[in-house]
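Residue numbers (full-length UniProt numbering): 1 to 437.
The C-beta atom is built at its ideal place from N, Cα and C for all residues, glycine as well.
Okay, so here's the structure we're looking at.
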């Protein structure tokens, strides 16, 4: 099956093997239907809109015409939201499962780095990349996570995971929130800043406050506020940019782009390095750089890096500290918490991304009909009437079992997903059986 990251540069290339997570799914009897469009190179090529790739064009949301699906796992979110597949896989470096899960009215799990294999996945960063499920229920997501989690000798990070991988379906307890302590880290994340940039903060904020009441009603103690000591520094920090730009080009084999390209059995374009990718795009503007979609800023910044410098190692260490010991872990310990909860939008994903920690997201609500429609890109809008947004539970490394339980209890009580359907033109009229005969 073609693996292109949405780029014509990789069209027709042949990979040496299935990805590690795909092997696990096949072994369990799953039927792999196909690949979905994504933000090109997992939104790491440049300043491009979510859901756009040279090969696939612009993916849009099924809840309002031309609405932003978020990304980078944009097609995974949209196809699952309208029932074209039971579950899809996405990858997240920072936000790429969590955001499209929220924007497409889904349940999704961004696993701890090292819980699922990245072998065979087109990489960005060995320190932040992770693969997880996106589904229409947390039950389906838990089933798939149980199948794809586990050690893989082709991804050394998985060898550091706990010795026993839980059956995550056993976390599906409607009473999971009884006695739990859930913290709300308001500073920076919820301190009056507009979560989306177009006056839609009130819709998300109101829905979030109602969600906190539901969590209380389900038996949890909500500790509010429960701020991350590092919150303001996280918002200011440039460490993540330094780490990702360096990792993409210079990280250890095979979790870096040059090694991944070199490992292809064949590639008709002849592209075998990041420099080749940049040159290919510039040489083929009608395919890869149409008007309004020309940016390669991330590629260019990464190509300019010079390997594992002292600045890189400082940034990597600071990231782990800001996201973990002075971030999520600090808040959990200071306030004696079991998890944190936030709307899925905004900076929510950053602490977990830089620490390598999990996020579990379920539907929270929908923008009202009178929301001011904003621009998200040359061909997309956000916010927009009826577009969904999500609720995220965050925890420490390998706390997926608890987070899934909390999310399941909330999802089961609220049934938010069922409150709104996709707009009529986005609902499929053809069934798979009609195509297969």
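- DSSP, reduced to helix, strand and coil, places residue 55 outside both helices and strands of the structure shown, so it counts as coil.
- The region 304-316 makes contact with the region 232-252, as at least three CB pairs between them are under 8 Å.
- DSSP lists no bridge partner for residue 245.
- Residue 43 and residue 71 do touch by the CB rule: their CB atoms are close to 5 Å apart, below 8 Å.
- With respect to the 8 Å criterion, residue 326 and residue 229 are classified as neighbours on the basis of their beta carbons.
- Residue 436: member of the alpha helix (DSSP H) spanning 432-436, first to last residue.
- Judged by pairs of C-beta atoms under 8 Å, the region 330-338 does not touch the region 84-99, as fewer than three such pairs exist.
- A residue is called buried once 16 or more other Cβ atoms fall within 10 Å of its Cβ, and residue 292, having fewer, is exposed.
- In the three-state scheme derived from DSSP, where H, G and I count as helix and E and B as strand, residue 428 is classed as coil.
- Following the DSSP letters along the chain, one finds residue 360 inside the beta strand (DSSP E) bounded by residues 359-366.
- Excluding residues up to 5 positions away in sequence, 149, 161 lie with their Cβ nearer than 6 Å to the Cβ of residue 115 in the same chain.
- If you draw a straight line from the Cα of residue 405 to the Cα of residue 289, it comes to about 44 Å.
- In this structure, residue 121 sits away from residue 133, with a CB-CB distance that is not shorter than 8 Å.
- If you ignore the 5 residues before and after residue 231, its C-beta comes within less than 6 Å of the C-beta of 187, 188, all in its own chain and listed in chain order.
- Shown here, residue 413 sits in a helix according to DSSP, grouped into three states.
- Counting C-beta pairs with one atom in each stretch, the region 320-334 and the region 345-356 have three or more that are closer than 8 Å, which means they touch.
- Going by C-alpha positions, residue 147 is about 42 Å away from residue 283.
- In the three-state reduction of the DSSP assignment, residue 295 falls in the coil class.
- About 6 Å separates the Cβ atoms of residue 54 and residue 6, confirming a contact at the 8 Å cut-off.
- Residue burial annotation: residue 47 is exposed, with fewer than 16 other C-beta atoms found within 10 angstroms of its C-beta.
- Beta bridge pairing from DSSP links residue 181 with 221.
- Take residue 375, set aside five residues on each side of it, and the residues of its chain with a beta-carbon closer than 7 Å to its own are 381, in chain order.
- Annotation for residue 41: the continuous alpha helix (DSSP H) segment containing it runs 40-43.
- Looking at the DSSP output, residue 113 sits in a beta bridge with 116.
- Shown here for residue 166: same chain residues with a beta carbon closer than 6 Å to its own, the five before and five after excluded, namely 401 in chain order.
- With fewer than 16 other Cβ atoms from the protein chains shown falling within 10 Å of its own Cβ, residue 434 counts as exposed.
- Unbroken alpha helix (DSSP H) runs of no fewer than 4 residues, entirely contained in the region 254-281, are found at 257-262, following chain order.
- Distance check between residue 171 and each of 360, 372, 99 places 360 closest, using alpha-carbon atoms only.
- Contact annotation, residue 363 with residue 388: C-beta distance approximately 6 Å; criterion of less than 8 Å satisfied.
- Leaving aside the five residues that flank residue 207 on each side, the residues in its chain whose CB is nearer than 6 Å to its CB run, in chain order, 364, 365.
- Residue 388 is bridged by DSSP to 366.
- The beta-carbon distance between residue 59 and residue 74, rounded to whole angstroms, is 4 Å. This is short enough to meet the 8 Å contact definition.
- Separation of the CB atoms of residue 255 and residue 45 is rounded to 18 Å, and the pair is thereby denied contact status at 8 Å.
- If one requires a minimum length of 3 residues, the beta strand (DSSP E) runs lying completely within the region 80-162 are 87-92, 107-110, 130-135, in chain order.
- Spanning the alpha carbons of residue 379 and residue 159 requires a straight line of approximately 43 Å.
- When only Cα atoms are considered, residue 217 and residue 202 end up about 23 Å apart.
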